[in-house]
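Engineer:
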Amino acid sequence: MRKRTLLAVVTSLVVAAFGLAGPVPAALAAGPVPHYLMTAFTNSSESNMYVYDSTNATNFDLVRSNAYTPPSGLIRDPSVMRHTDGYYYIVYTTNWTGDTIGFARSADYTTWTFLRNVTVGLNGSTGSTWAPEWFKDSDGSVHVVFSASTAGTAGQFRPYRITATNSALSSWTSPTALGIPANYIDSYIVKVGSTYHNFLKNETTKYIEHATATSLNGPWSFVGTGNWAGWGSGLEGPALVQLPNGSWRIYFDQYGARRYYYADSSNLSTFGAKVELPGLSGTARHFTVLRENVGDSTAVATGNRSLRSANVTDRYLRHRDNLAYVDPLSSSSALNDRRDATFNIVAGLANSNCYSFQSVNFPGYYLRHNNMRLALNNNDGSAVFRADATFCGRAGLAGAGTTSFESFNFPGRYLRHYNYEMRLDLRASDSVFNGDASFTVTAPLA
249 MRKRTLLAVV
259 TSLVVAAFGL
269 AGPVPAALAA
279 GPVPHYLMTA
289 FTNSSESNMY
299 VYDSTNATNF
309 DLVRSNAYTP
319 PSGLIRDPSV
329 MRHTDGYYYI
339 VYTTNWTGDT
349 IGFARSADYT
359 TWTFLRNVTV
369 GLNGSTGSTW
379 APEWFKDSDG
389 SVHVVFSAST
399 AGTAGQFRPY
409 RITATNSALS
419 SWTSPTALGI
429 PANYIDSYIV
439 KVGSTYHNFL
449 KNETTKYIEH
459 ATATSLNGPW
469 SFVGTGNWAG
479 WGSGLEGPAL
489 VQLPNGSWRI
499 YFDQYGARRY
509 YYADSSNLST
519 FGAKVELPGL
529 SGTARHFTVL
539 RENVGDSTAV
549 ATGNRSLRSA
559 NVTDRYLRHR
569 DNLAYVDPLS
579 SSSALNDRRD
589 ATFNIVAGLA
599 NSNCYSFQSV
609 NFPGYYLRHN
619 NMRLALNNND
629 GSAVFRADAT
639 FCGRAGLAGA
649 GTTSFESFNF
659 PGRYLRHYNY
669 EMRLDLRASD
679 SVFNGDASFT
689 VTAPLA
């Protein structure tokens, strides 16, 4: 994972049109900011997926309940990833018995579209196919690792994998056994250097164990068996995420007690004691967590500021009738219009290394995205509002000293104007988007 320690300092800005000059204070940007997305089913429903997010991989807030219901069957064990096309994908268990796994896709991880069920062809309707997990290898290949039994829920499970044969993730290879002995389930794989690490549940002992290999197809060597980590038995559904400091966090479900835990490790060999996950323990079941980095080391001038469009330089970001636009403005514009285009840029409500834009003429009201449209709303104090109103600075996509703003809770989406309306859009690679999504932070218009 990329790590930066650069402290960027914004020096003086001179806005000749208003005859203003002098030093501009700036918040210090600490580098890319982590955002954690989690998909889960719950104790109350195997047919609806819940979506949560977090700023620290510990405290998760509900983004949307019942975010996805498949057209038929269940949605157990939903595993989430971000693909190269910019979309989020989940793969999930479709039923207690059968030989299919399900796929769905989302542009924003809150509204999902069913794609297909894929028949893995292992065991027919009398077997069981459970706990599919995404695994992206260092060579860019995309795999789904799942557990299958030929004798249904009471049978002995083994892990298998299928590999995508096209970038649309619509064509897959036949299943390949991983080479793990019988009666193991819930494989979750990460790769560090040339070593594959597989954390999986021993269905006989009910312990989560740890195996390593130098090839995805094995042979696998078990380096942690039994109660090797001191977490006890009765655990399942391991999932891992790497934290910004390079350490690893593993999550797992104590299904009998309906409790969720995590533990941390600096090297994947030794882990600390299990810690109960606050808020979600007893609610969430078998989830995965996706970390994405937002923003870069670009610092943004704080205090009362205005934002001028980089490609339509006579227009400024402003609120009008509680929606945001870029409008033509100047020092001779009406005072109320200039005040609408002046914001108090403060530390981000959801993450202090990012930024939020508070209206100067409506204190307590902030710019936030709502259905991808930028609006001015009163801060209701909710976690969702704080995240929607937080944007992380990036070096301007249009260059020339401009700044772009990436959504904190929807990584990869940027503030941009389209037909002069401000919205949140997935980044495109063309020069028009780069200009629409870049701004010059200036002295305040009012």
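Here the sequence shown is numbered in this note's numbering, starting from 249 and rising by one per residue.
Every residue gets a Cβ at the ideal spot worked out from N, C-alpha and C, and that includes glycine.
#1: What are the residues that DSSP puts in a beta bridge with LEU428?
#2: Find out if the Cβ-Cβ distance for the pair PRO380, TYR316 is shorter than 8 Å.
#3: Apart from the five residues just before and just after ALA402, which ones in its own chain have a Cβ nearer than 7 Å to its Cβ?
#4: What separation, rounded to the nearest whole angstrom, lies between the Cα atoms of GLY441 and ALA461?
#5: When the Cα atoms are used, what is the spatial distance from LEU674 to THR421?
#6: With three or more beta-carbon pairs closer than 8 Å as the criterion, would you say the region 657-675 touches the region 550-566?
#7: Taking only three categories from DSSP, how would you classify ALA635?
#8: Hey, quick one: how far does the beta strand (DSSP E) through GLY350 stretch, first residue to last?
#9: Can you tell me where the beta strand (DSSP E) holding GLY683 begins and where it ends?
#10: Where do the N-terminal and C-terminal ends of the beta strand (DSSP E) with LEU310 fall, by residue?
#11: Select from LEU538, TYR508, ASN515 and ILE593 the residue whose C-alpha is nearest the C-alpha of PRO326.
#12: Which stretch, first to last residue, makes up the alpha helix (DSSP H) that contains ARG586?
#13: Could you spell out where the beta strand (DSSP E) holding ALA623 opens and where it closes?
#14: What does DSSP give as the partner residues of GLY472 in its beta bridges?
#15: Please report how far the alpha carbon of ASN682 lies from the alpha carbon of ALA676, in whole angstroms.
#16: CB ARG312 to CB VAL299, shorter than 8 Å?
#17: Per DSSP, VAL548 forms a beta bridge with which residues?
#18: On the three-state DSSP scale, how would you describe GLY641?
#19: For SER419, which of helix, strand or coil comes out of DSSP?
#20: Taking just the CA atoms, how far does TYR614 sit from GLY494?
#21: Can the beta-carbon of ASN365 be found less than 8 Å from the beta-carbon of ILE349?
#22: What are the boundary residues of the beta strand (DSSP E) that ILE410 is part of?
#23: Expressed to the nearest angstrom, what Euclidean distance is found between the alpha-carbon atoms of PHE362 and PRO692?
#24: Use the C-beta contact count for ARG634: other C-beta atoms within 10 angstroms, 16 or more gives buried, fewer gives exposed.
#25: In terms of residue numbering, what span does the beta strand (DSSP E) encompassing ALA511 cover?
#26: If we ignore side chains and look at the alpha-carbon of each, how far apart do LEU565 and GLY400 end up?
Structural biologist: According to the structure shown:
#1: Here residue 428 refers to the residue found at position 180 when the sequence shown is read from its first residue. Per the sequence shown, residue 428 should be read as Ile rather than Leu. For ILE428, which the question treats as bridged, DSSP gives no partner whatsoever.
#2: Walking along the sequence shown from the start, residue 380 turns up at place 132. Walking along the sequence shown from the start, residue 316 turns up at place 68. The answer is no: Cβ separation not under 8 Å.
#3: The residue labelled residue 402 in the question sits at position 154 within the sequence shown. Excluding positions up to five away in sequence, the list is empty.
#4: For the purposes of this step, residue 441 is identified with residue 193 of the sequence shown, where counting begins at 1. For the purposes of this step, residue 461 is identified with residue 213 of the sequence shown, where counting begins at 1. In a straight line, the C-alpha of GLY441 is about 11 Å away from that of ALA461.
#5: Locating residue 674 in the sequence shown gives position 426, counting from the first residue. Locating residue 421 in the sequence shown gives position 173, counting from the first residue. Within the model, the alpha-carbon separation for LEU674 versus THR421 is close to 31 Å.
#6: Between the region 657-675 and the region 550-566, the count of Cβ pairs shorter than 8 Å is three or higher; the stretches touch.
#7: Position 387 of the sequence shown holds residue 635. Here ALA635 sits in helix by DSSP.
#8: Locating residue 350 in the sequence shown gives position 102, counting from the first residue. Residues 348-354.
#9: Within the sequence shown, residue 683 is the residue found at index 435, counting from 1. No beta strand (DSSP E) contains GLY683, which is instead part of the alpha helix (DSSP H) from 679-684.
#10: In the sequence shown, counting from the first residue as 1, residue 310 sits at position 62. For LEU310, the enclosing beta strand (DSSP E) starts and ends at 308-316.
#11: If you number the sequence shown from 1, residue 326 lands on position 78. Distances from the alpha-carbon of PRO326 to those of LEU538, TYR508, ASN515 and ILE593 put LEU538 closest.
#12: Start at 1 with the first residue of the sequence shown, and residue 586 comes out as number 338. Start and end: 583-588.
#13: Locating residue 623 in the sequence shown gives position 375, where the first residue counts as 1. It spans 621-626 - the beta strand (DSSP E) in which ALA623 sits, taken as one unbroken run.
#14: On the sequence shown, residue 472 is found 224 positions in, with the first residue counted as 1. Under the DSSP definition of a beta bridge, GLY472 partners with HIS458.
#15: Position 434 of the sequence shown, counted from the first residue, corresponds to residue 682. Position 428 of the sequence shown, counted from the first residue, corresponds to residue 676. Distance from the CA atom of ASN682 to the CA atom of ALA676, rounded to whole angstroms, is 8 Å.
#16: Position 64 of the sequence shown holds residue 312. Position 51 of the sequence shown holds residue 299. Result yes, Cβ atoms of ARG312 and VAL299 sit closer than 8 Å.
#17: Your numbering for residue 548 matches position 300 in the sequence shown. None; VAL548 has no bridge partner.
#18: Along the sequence shown, read from residue 1 onward, the residue named residue 641 stands at position 393. The answer is strand: DSSP assigns GLY641 an E or B state.
#19: As a position in the sequence shown, residue 419 is number 171, starting the count at 1. In the three-state reduction of the DSSP assignment, SER419 falls in the coil class, being assigned neither a helical nor a strand state.
#20: For the purposes of this step, residue 494 is taken as residue 246 along the sequence shown, with counting starting at 1. For the purposes of this step, residue 614 is taken as residue 366 along the sequence shown, with counting starting at 1. So the two alpha carbons sit approximately 34 Å from each other.
#21: In the sequence shown, the residue the question calls residue 365 occupies position 117. In the sequence shown, the residue the question calls residue 349 occupies position 101. Yes, the pair counts as a contact, with Cβ atoms nearer than the cut-off.
#22: Mapped onto the sequence shown, residue 410 falls at position 162. In the DSSP assignment, ILE410 falls within the beta strand (DSSP E) that extends over 406-411.
#23: The count along the sequence shown starts at 1 and reaches residue 362 at position 114. The count along the sequence shown starts at 1 and reaches residue 692 at position 444. For PHE362 and PRO692, the distance between alpha carbons rounds to 47 Å.
#24: Residue numbering aside, residue 634 sits at position 386 when the sequence shown is read from its first letter. Buried, since its Cβ has 16 or more Cβ neighbours within 10 Å.
#25: Locating residue 511 in the sequence shown gives position 263, counting from the first residue. Run containing ALA511: 507-513, per the beta strand (DSSP E) assignment.
#26: Taking the first residue of the sequence shown as position 1, residue 565 is located at position 317. Taking the first residue of the sequence shown as position 1, residue 400 is located at position 152. So the two alpha carbons sit approximately 59 Å from each other.
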